[in-house]
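Taking it in order: structure first as structure tokens, then the write-up.
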Amino acid sequence: DAGVIQSPRHEVTEMGQEVTLRCKPISGHDYLFWYRQTMMRGLELLIYFNNNVPIDDSGMPEDRFSAKMPNASFSTLKIQPSEPRDSAVYFCASNEQGRNQPQHFGDGTRLSIL
Amino acid sequence: AQKITQTQPGMFVQEKEAVTLDCTYDTSDPSYGLFWYKQPSSGEMIFLIYQGSYDQQNATEGRYSLNFQKARKSANLVISASQLGDSAMYFCAMRGGGGADGLTFGKGTHLIIQP
Chain A
53 DAGVIQSPRH
63 EVTEMGQEVT
73 LRCKPISGHD
83 YLFWYRQTMM
93 RGLELLIYFN
103 NNVPIDDSGM
113 PEDRFSAKMP
123 NASFSTLKIQ
133 PSEPRDSAVY
143 FCASNEQGRN
153 QPQHFGDGTR
163 LSIL
Chain B
5 AQKITQTQPG
15 MFVQEKEAVT
25 LDCTYDTSDP
35 SYGLFWYKQP
45 SSGEMIFLIY
55 QGSYDQQNAT
65 EGRYSLNFQK
75 ARKSANLVIS
85 ASQLGDSAMY
95 FCAMRGGGGA
105 DGLTFGKGTH
115 LIIQP
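Residue numbers (this note's numbering), protein chains in the order written: chain A, 53 to 166; chain B, 5 to 119.
And the structure:
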């Protein structure tokens with residue numbers, strides 16, 4: 053089975069540009085999560101969806117960040133305008149219904165804002 | 005608020021020895037789940053093992069086992085017969101608390117297996 057697929061794997065862009073990260077969850081998974089990993093703050097939950105509906109976006113750093121899930125097989129995380137402090141690895145994860153179900157992570161997008 | 009503490013930033017272990025990675029947690033929710041993930045230098049996050057707060061038995065998955073001590077709020081990962089390929093970052097994480105489904109992660113332990 054295909055795992056969680058993220059694109060692009062690497063993104064380098066200049067400050068002020070719009071950045072869009074993409075994620076395809078595992079088919080049949082009801083939950084989708086976006087995490088950010090930095091050396092300073094570790095792994096942080098940004099937002100998660102259940103059945104395509106955003107449930108908790110309290111981890112989204114500021115209004116420059118937005119996330120959508122238009123259907124069960126696709127989600128985007130957008131940063132506009134981007135800033136150097138947004139540089140991080142962004143992970144998407146998904147899991148089946150059930151609190152004991154493990155989250156399966158994509159390979160991440162390494163984002164560098166110059 | 006939930007919190008995960010991993011007190012070992014780094015560990016060096018000889019190949020074939022057993023390894024214990026420490027994890028303590030804090031939550032006021034009686035229902036929660038504890039997870040361990042491995043992150044090799046290539047960067048992906050690999051799920052290793054899960055323990056539910058109401059599980060009576062300690063979880064095991066191959067060479068991985070979880071030493072769950074609920075009263076102490078600890079969930080240590082034990083790797084038996086370590087291998088060179090076990091060298092990686094290891095993260096303890098918790099899900100729970102008011103129905104929240106996102107994971108709260110610890111800072112991680114960098115494990116290096118020496119030949």
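We treat Cβ as the ideally placed atom computed from N, Cα and C, and that holds for glycine.
Which residue comes first and which comes last in the beta strand (DSSP E) that contains residue i?
i, result
"Asp108(A)", "Val105 to Asp108"
"Thr24(B)", "Val23 to Leu25"
"Tyr87(A)", "Tyr83 to Thr90"
"Asn147(A)", "Ala140 to Asn147"
"Gln58(A)", "Ile57 to Ser59"
"Ile116(B)", "Thr113 to Gln118"
"Asn80(B)", "Ser78 to Ile83"
"Met15(B)", "Gly14 to Gln18"
Cα separation between residue i and residue j?
i, j, result
"Val112(A)", "Gln12(B)", "According to the sequence displayed, residue 112(A) carries Met and not Val. C-alpha separation (whole angstroms): 29 angstroms."
"Gln6(B)", "Gln61(B)", "23 angstroms"
"Gln153(A)", "Ala92(B)", "23 angstroms"
"Phe72(B)", "Ser86(B)", "20 angstroms"
Can you check which of these residues, the options, is closest to residue i by C-alpha distance?
i, options, result
"Ala145(A)", "Gln69(A), Glu96(A) and Thr72(A)", "Glu96(A)"
"Ala54(A)", "Glu70(A), Ser110(A), Leu166(A) and Asp159(A)", "Asp159(A)"
"Glu66(A)", "Arg93(A), Asn147(A), Pro133(A) and Pro154(A)", "Pro133(A)"
"Arg151(A)", "Ala119(A), Tyr83(A), Glu114(A) and Arg116(A)", "Tyr83(A)"
"Glu148(A)", "Phe72(B), Gly106(B) and Val82(B)", "Gly106(B)"
"Glu135(A)", "Pro60(A), Gln58(A), Gln69(A) and Arg61(A)", "Gln69(A)"
"Gln55(B)", "Gln118(B), Leu81(B) and Glu48(B)", "Leu81(B)"
"Ser32(B)", "Leu115(B), Gln118(B) and Gly100(B)", "Gly100(B)"
So, with DSSP's three-state summary, where would you put residue i?
i, result
"Leu3(B)", "Since the first and last residues shown for chain B are 5 and 119, residue 3(B) lies out of range."
"Pro122(A)", "strand"
"Arg93(A)", "coil"
"Arg137(A)", "helix"
"Gln61(B)", "coil"
I'd like to confirm something about residue i: is its beta-carbon nearer than 8 angstroms to some heavy atom of the ligand FAD, or not?
i, result
"Val105(A)", "This structure does not include the ligand FAD; it has no bound ligands of any sort."
Name the chain C residues whose beta carbon is nearer than 9 angstroms to that of residue i?
i, result
"His156(A)", "Any reference to chain C falls outside this structure, whose protein chains are A and B."
Notebook entry, point to check: If you pair each beta-carbon of the segment 55-75 of chain B with each one of the segment 28-45 of chain B, do three or more pairs fall below 8 angstroms?
Noted result: yes
Checklist line | Contact the segment 69-77 of chain A vs the segment 123-132 of chain A: 3+ CB pairs below 8 angstroms | finding: yes
Check: Just checking, does the segment 106-116 of chain B make contact with the segment 71-79 of chain B on the three C-beta pairs under 8 angstroms criterion?
Finding: no
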